[in-house]
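Residue numbers (this note's numbering), protein chains in the order written: chain A, 1 to 466; chain B, 1 to 466.
Below is one structure, written out as structure tokens; comments come after it.
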């Protein structure tokens with residue numbers, strides 16, 4: 001299924017918009033060095049060591065926690081140890097959400113505990129009620145208003161595993177929109193089957209929100225196995241559950257985006273931005289989400305430094321992505337006036353599965369330049385997939401203001417087995433896959449730093465669309 | 001590797017002891033019906049339905065808990081619903097151990113939570129200390145007495161997966177003997193890598209004990225992943241951990257062995273005993289340990305009833321195996337005078353993996369009878385493995401008093417992934433494997449009920465050896 005260079009070129013000619021960007025061309029010498037870099041990166045274990053260090057020495061590091069501050073110090077020290085030319089921090093302030101305890105029990109004749117995780121942003125509280133099961137969010141939506149008075153809504157959507165993780169659209173929506181919908185129907189509490197593709201006892205947490213004007217209700221995710229147990233019990237007859245969450249908002253906290261730079265040798269004011277997010281949820285040690293992203297991108301800078309890249313390589317370890325993209329938004333606010341100098345950005349925030357595709361906002365890139373990039377990535381098993389990608393998480397806010405982006409797509413088939421649950425730990429990363437990831441990011445970052453001409457970064461008003 | 005009937009016969013002739021038992025012979029008609037029974041059992045879902053019912057409706061059911069009492073009522077009702085001729089209970093009294101809460105944290109620069117499970121029988125208490133890691137129990141044994149004063153001993157033995165589960169000898173010993181050994185060395189607390197072959201965040205509990213005269217210390221198992229994390233941290237430098245367990249002994253409880261019988265049509269006073277244990281640990285729903293054993297053996301009685309077995313089929317759902325074989329010991333005490341009438345016993349308490357071998361204390365069985373049994377079991381993929389088996393758990397105490405036993409060996413390659421942890425749930429059982437198990441137990445139980453002559457049950461004093 002990998003398109004030939006000719007097919008790619010033809011597709012681009014057809015798809016090229018009327019307002020083509022300035023010619024982009026990568027010097028032949030840079031292509032040659034990219035191939036050497038790629039092969040060296042496949043044998044390099046810097047990304048692994050960085051990821052191991054973060055997940056072991058800092059461990060879980062939710063935004064606003066004591067470990068958040070330690071992670072910031074860790075990142076500063078790690079950038080310096082890796083030889084970055086400049087290291088600094090930029091503040092990101094956010095409301096702090098705290099999980100203290102959580103439990104659920106089936107009551108009555110089939111009394112037994114259920115494993116639940118409060119959704120990030122949930123209010124605390126203890127509720128008891130009969131469980132009403134809905135196979136998906138649409139079924140809950142179809143319930144008459146007020147019909148769930150005093151009851152606990154249970155959205156039992158079974159997330160499907162896909163390479164591109166696209167079913168997160170359905171399961172993530174259940175998490176984000178489910179609690180408010182349940183409130184509209186009168187429910188006293190909200191339970192959902194975890195937005196996960198595993199079958200385990202580990203609940204998947206993740207952010208939720210309540211529509212304005214609603215009185216929040218406790219909202220939690222059951223582990224997938226506990227969801228199956230509850231579905232069986234509900235099928236046997238009326239089933240009452242007690243849900244007790246002690247969690248909620250607790251003041252404000254200021255964390256830091258931690259930034260390391262390899263200063264450009266020829267165009268230092270022009271920046272190629274790469275990064276991941278430094279925070280994690282609290283259950284696991286944040287290995288695939290997003291220790292790997294930190295490991296990969298920190299390693300890329302270290303690998304590129306001796307190559308003296310023309311443009312500056314800026315690696316950002318973003319603060320508190322999980323609870324609302326706070327670091328990415330703070331970065332965009334601070335650098336809104338500097339979009340034109342952000343030549344292109346690429347984030348790694350989708351685990352450490354092998355990279356299989358790449359895409360970019362620069363779809364009107366010169367076919368010749370695209371073919372050059374493809375030539376170096378192809379041996380890694382990566383194909384050009386125009387229209388398949390998007391800017392991952394933290395770089396989103398600045399791409400909304402016109403920054404060009406690239407996408408290097410990780411195989412996410414197993415990502416949602418581990419996403420936001422206790423099993424997101426170092427052992428889930430395959431060092432060989434991580435090295436392939438690093439090679440892909442290193443090659444792309446290097447080529448972007450050496451390209452003559454840009455990738456289409458053009459300042460525009462925030463929120464004006466793509 | 002399956003021996004031919006001739007090879008088996010020859011091996012037995014060589015191995016036959018001087019005092020051979022009375023001739024045992026299975027009527028040809030019984031063999032023929034056994035084959036029909038086997039094939040019907042492979043298509044029967046009674047064992048699955050019983051296991052599903054127990055694990056769903058009762059859920060976790062540790063000895064002495066509120067769910068223990070519900071499990072007893074459930075078993076009585078299930079025996080009756082399955083058409084058993086007689087259903088009754090026999091008491092088993094034991095000290096009750098209760099888990100209330102448990103936690104552990106790494107302290108200091110790498111502060112983070114660790115997932116632990118108190119070992120059954122552990123005292124409660126909170127201790128803080130530097131962790132000293134030992135790769136196995138022998139290394140702890142080699143430490144000088146008093147050398148661990150104020151420290152936490154950490155036995156980091158990595159259990160290996162094997163079909164016969166034999167490495168439980170090493171990891172189980174660490175659990176049973178580790179805490180006392182740690183006390184002898186002066187330790188304030190005991191941690192071990194879970195006796196499990198998985199790589200997950202779910203700690204494996206299980207019973208431990210303290211040698212007489214020692215002052216108990218809190219003792220817990222880390223999940224395998226948390227053990228790896230702690231090992232990495234200890235390798236980085238001195239690591240202090242706080243272990244807080246709220247658990248302990250809490251009075252006495254009387255549970256019940258629940259017994260169902262299919263009355264023998266010709267020799268009702270002679271009993272073929274089968275069974276499993278009704279209790280489970282508290283983390284999972286006790287599907288492989290030992291819901292499956294209850295499901296299989298309850299199904300066997302139901303399958304055999306219309307066949308009007310010559311001997312009585314007695315199915316025992318034993319009380320509180322996990323905390324000290326209390327049901328099995330109570331049964332042995334009560335029936336000590338009736339060993340001769342217990343023609344043979346076979347338990348199912350090693351999960352629901354496919355049965356691959358069989359063995360019996362009756363190794364001096366007539367080669368002809370053995371060949372008959374083998375003939376019916378062979379199509380299930382089961383071979384005669386003299387010397388490989390033993391009486392599983394609850395029937396042990398009465399076999400010590402002379403009751404003959406058989407062994408139907410489950411493939412235990414994955415048993416210790418789930419043993420005593422939260423992942424021991426219904427979804428882990430393959431219905432086809434469970435039906436194969438049921439077919440094997442049904443065939444063996446039927447043949448034992450129809451055999452002319454016994455299997456060597458001979459009363460002897462308790463504890464006089466085999």
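Idealized CB from N, CA, C, for every residue including glycine.
Notebook entry, point to check: If you count every other CB in all the chains shown that lies within 10 Å of the CB of residue 21 of chain A, and 16 or more means buried, which is it?
Noted result: As a position in the first chain, residue 21 of chain A is number 21, starting the count at 1. Its pLDDT being 49, under 50, residue 21 of chain A is placed unreliably in this model, and the coordinates cannot settle the point.
Checklist line | Environment of residue 62 of chain A [buried if 16+ CB atoms lie within 10 Å] | finding: To locate residue 62 of chain A, count along the first chain from 1; it is residue 62. Buried: at least 16 other Cβ atoms inside 10 Å.
Check: With C-beta atoms as the reference, is residue 288 of chain B less than 7 Å away from residue 424 of chain B?
Finding: Mapped onto the second chain, residue 288 of chain B falls at position 288. Mapped onto the second chain, residue 424 of chain B falls at position 424. Remark: C-beta atoms of residue 288 of chain B and residue 424 of chain B approach each other more closely than 7 Å.
Next item on the list: Identify every residue that forms a DSSP beta bridge with residue 133 of chain A.
Entry: What you label residue 133 of chain A is simply residue 133 of the first chain in a count that begins at 1. According to DSSP, residue 133 of chain A shares a beta bridge with A:154.
Notebook entry, point to check: Do residue 154 of chain A and residue 191 of chain A have their C-beta atoms closer together than 7 Å?
Noted result: Translated into positions along the first chain, residue 154 of chain A becomes position 154. Translated into positions along the first chain, residue 191 of chain A becomes position 191. Yes, they are a contact pair.
Checklist line | Which listed residue (B:265, B:95, B:435 and B:156) has its alpha carbon closest to that of residue 234 of chain B | finding: Counted from its first residue, the second chain places residue 234 of chain B at position 234. When each option's Cα is compared against that of residue 234 of chain B, the closest is B:156.
Next item on the list: Below 8 Å between beta carbons is the criterion; list the residues of the stretch 220 to 231 of chain A that meet it against any residue of chain B, in chain order.
Entry: Within the stretch 220 to 231 of chain A, the residues whose Cβ lies closer than 8 Å to some Cβ of chain B are 225, 228 and 229, listed in chain order.
Item checked: Cross-strand partners of residue 485 of chain B (DSSP beta bridge) -> Nothing about residue 485 of chain B can be reported from this structure: the residues present for chain B run from 1 to 466 only.
Margin query: I'd like the span of the beta strand (DSSP E) that includes residue 184 of chain B, first residue to last.
Written below: Against the second chain, residue 184 of chain B aligns to sequence position 184. That residue, residue 184 of chain B, is in no beta strand (DSSP E); its alpha helix (DSSP H) goes 168 to 184.
Check: Taking 7 Å as the CB-CB cut-off, is residue 434 of chain A touching chain B?
Finding: One-based indexing of the first chain puts residue 434 of chain A at position 434. Contact with chain B is absent for residue 434 of chain A, since none of that chain's Cβ atoms lies less than 7 Å from the residue's Cβ.
Margin query: What are the residues in the stretch 241 to 271 of chain A lying within 9 Å of chain B by C-beta distance?
Written below: Flagged: no residues at all.
Check: With 7 Å set as the bound, which would you pick, yes or no: does the beta-carbon of residue 112 of chain B sit closer than that to a beta-carbon of chain A?
Finding: In the second chain, residue 112 of chain B corresponds to position 112, counting from 1. Closer than 7 Å: yes.
Notebook entry, point to check: Should residue 376 of chain B and residue 34 of chain B be called a contact, given that it needs their Cβ atoms to be closer than 7 Å?
Noted result: Here the question's residue 376 of chain B lines up with position 376 in the second chain. Here the question's residue 34 of chain B lines up with position 34 in the second chain. The answer is yes: Cβ separation under 7 Å.
Note to self: Would residue 102 of chain B pass as an interface residue toward chain A - the criterion being a Cβ-Cβ separation below 7 Å?
What the structure shows: Within the second chain, the letter at position 102 stands for residue 102 of chain B. So, not an interface residue.
Notebook entry, point to check: Can you tell which of B:252, B:165 and B:243 has its C-alpha closest to the C-alpha of residue 107 of chain B?
Noted result: The count along the second chain starts at 1 and reaches residue 107 of chain B at position 107. The residue with the shortest Cα to Cα distance from residue 107 of chain B is B:243.
Item checked: 8 Å contact criterion, which residue 246 of chain B and residue 124 of chain B should meet: CB distance rounded -> In the second chain, residue 246 of chain B corresponds to position 246, counting from 1. In the second chain, residue 124 of chain B corresponds to position 124, counting from 1. Sure, about 5 Å apart at Cβ, within 8 Å.
Next item on the list: Give a yes or no on whether the minimum CB-CB distance between residue 422 of chain A and chain B is below 7 Å.
Entry: Counting from one through the first chain, the residue named residue 422 of chain A turns up at place 422. Between residue 422 of chain A and chain B, the shortest Cβ-Cβ separation is below 7 Å.
Margin query: Using a 10 Å radius around the Cβ and a threshold of 16 neighbouring Cβ atoms, would you call residue 442 of chain B buried or exposed?
Written below: Position 442 of the second chain holds residue 442 of chain B. A residue is called buried once 16 or more other Cβ atoms fall within 10 Å of its Cβ, and residue 442 of chain B is buried on that count.
Next item on the list: Using 10 angstroms around the beta-carbon of residue 249 of chain A, count the other beta-carbons present and answer buried if the total reaches 16, otherwise exposed.
Entry: Start at 1 with the first residue of the first chain, and residue 249 of chain A comes out as number 249. Its Cβ having fewer than 16 others within 10 Å, residue 249 of chain A is exposed.
Check: Can you name, in chain order, every residue of its own chain whose Cβ lies under 6 Å from the Cβ of residue 110 of chain A, other than the five neighbours on each side?
Finding: For the purposes of this step, residue 110 of chain A is taken as the residue at position 110 of the first chain. Around residue 110 of chain A, the same chain offers 233 as residues with beta carbons nearer than 6 Å, after the five sequence neighbours per side are excluded.
Item checked: Contact set between residue 60 of chain B and chain A, taken where Cβ atoms lie within less than 8 Å -> Here residue 60 of chain B refers to the residue found at position 60 when the second chain is read from its first residue. One finds 112 and 113 in chain A with Cβ atoms closer than 8 Å to the Cβ of residue 60 of chain B, taken in chain order.
Next item on the list: Entirely within the stretch 54 to 141 of chain A and at least 4 residues each: give me those alpha helix (DSSP H) ranges in chain order.
Entry: For the stretch 54 to 141 of chain A, whole alpha helix (DSSP H) runs of length 4 or above, ordered along the chain, are 66 to 81.
Check: From the beta carbon of residue 447 of chain B, is the nearest beta carbon of chain A less than 7 Å away?
Finding: As a first step, residue 447 of chain B is located in the second chain; it is residue number 447 there, counting from the start. Interface flag for residue 447 of chain B against chain A is unset, since no Cβ pair is found closer than 7 Å.
Margin query: For residue 253 of chain B, report the span of its alpha helix (DSSP H) as first-last.
Written below: The sequence position of residue 253 of chain B within the second chain is 253, counting from 1. In the DSSP annotation of this structure, residue 253 of chain B is not part of any alpha helix (DSSP H); the continuous beta strand (DSSP E) holding it starts and ends at 240 to 262.
Next item on the list: Mind checking the stretch 136 to 157 of chain B against chain A and listing, in chain order, the residues whose C-beta falls within less than 9 Å of any C-beta there?
Entry: Contact residues of the stretch 136 to 157 of chain B toward chain A are absent (C-beta to C-beta distance below 9 Å).
Next item on the list: Would you give the residue range spanned by the beta strand (DSSP E) that residue 456 of chain A belongs to?
Entry: Position 456 of the first chain, counted from the start, is the residue given in the question as residue 456 of chain A. Per DSSP, residue 456 of chain A lies in no beta strand (DSSP E) segment and is marked neither H nor E.
Check: Taking the continuous beta strand (DSSP E) assigned at residue 407 of chain A, which residues delimit it?
Finding: By one-based count along the first chain, residue 407 of chain A stands at place 407. From DSSP, the beta strand (DSSP E) with residue 407 of chain A extends over 406 to 410.
Next item on the list: Leaving out five residues on either side along the sequence, give the residues of the same chain with a beta carbon under 8 Å from the beta carbon of residue 435 of chain A.
Entry: Residue numbering aside, residue 435 of chain A sits at position 435 when the first chain is read from its first letter. Only 41, 42, 43, 44, 45, 47 and 48 meet the Cβ criterion.
Notebook entry, point to check: So is residue 93 of chain B buried or exposed if we call it buried at 16+ other beta carbons inside 10 Å?
Noted result: In the second chain, counting from the first residue as 1, residue 93 of chain B sits at position 93. Flag for residue 93 of chain B reads exposed.
Check: With DSSP run on the structure shown, which of helix, strand or coil describes residue 356 of chain B?
Finding: Numbered from its first residue, the second chain carries residue 356 of chain B at position 356. The three-state secondary structure of residue 356 of chain B, taken from DSSP, is strand.
Checklist line | Per-residue DSSP class, three states only, for residue 269 of chain A | finding: Taking the first chain and counting its residues from 1, one reaches residue 269 of chain A at position 269. Per DSSP, reduced to three states, the secondary structure at residue 269 of chain A is strand.
Check: Leaving out the 5 sequence neighbours to the left and right, which residues in its chain are closer than 6 Å to residue 186 of chain A when beta-carbon positions are compared?
Finding: Numbered from its first residue, the first chain carries residue 186 of chain A at position 186. 146, 148 and 149.
Next item on the list: Report yes or no: do three or more beta-carbon pairs, one from the stretch 218 to 232 of chain A and one from the stretch 257 to 265 of chain A, lie closer than 8 Å?
Entry: Contact check between the stretch 218 to 232 of chain A and the stretch 257 to 265 of chain A: fewer than three CB pairs, one atom from each, fall below 8 Å, which does not count as touching.
Item checked: residue 66 of chain B: contacting residues in chain A (beta-carbon distance under 9 Å) -> One-based indexing of the second chain puts residue 66 of chain B at position 66. The contacting residues are 111.
Margin query: Taking the alpha-carbon of residue 385 of chain B as reference, which of B:404, B:361 and B:393 has the nearest alpha-carbon?
Written below: For this step, residue 385 of chain B is matched to residue 385 along the second chain. Here the closest residue by C-alpha is B:361.
Check: Which chain A residues sit within Cβ distance under 9 Å of residue 208 of chain B?
Finding: For the purposes of this step, residue 208 of chain B is taken as the residue at position 208 of the second chain. Per Cβ cutoff of 9 Å: no residues; residue 208 of chain B is ~23 Å from chain A at best.
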